Amino acid sequence: MTQWWKVLGSAALIVLGVCLWVFARDTEFLWFRGGPLGVVLVAVGVVDLVGSLWSRDRRRVE
């Protein structure tokens, strides 16, 4: 069950990053701009999603 929360959190990071990149490119959040912050959030979300799915598949094999 905990693994599903991690997958949902990663998917939420990806969706939030895409929304920032598409809709708020020039908006400033503190010292961050929306476009680059969105790209970073998408990258972190993808890495986290791949890592959580990979570890889930490895546990199933062992």
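Reminder that position 49 of the sequence shown reads as 72 in this note's numbering, one-by-one numbering, no gaps.
Glycine residues also receive a C-beta, built at the ideal position from the N, C-alpha and C atoms.
Computed from a prediction, not measured in an experiment: that's the story for all the values here.
{"Query": "Whether G61 touches V41 by CB criterion (8 Å)", "Result": "yes"}
{"Query": "Short Cβ contact (8 Å threshold) for A66 with G57", "Result": "no"}
{"Query": "Identity of the residues DSSP links to F52 by a beta bridge", "Result": "F55"}
{"Query": "Coarse secondary structure for A66, derived from DSSP in three states", "Result": "helix"}
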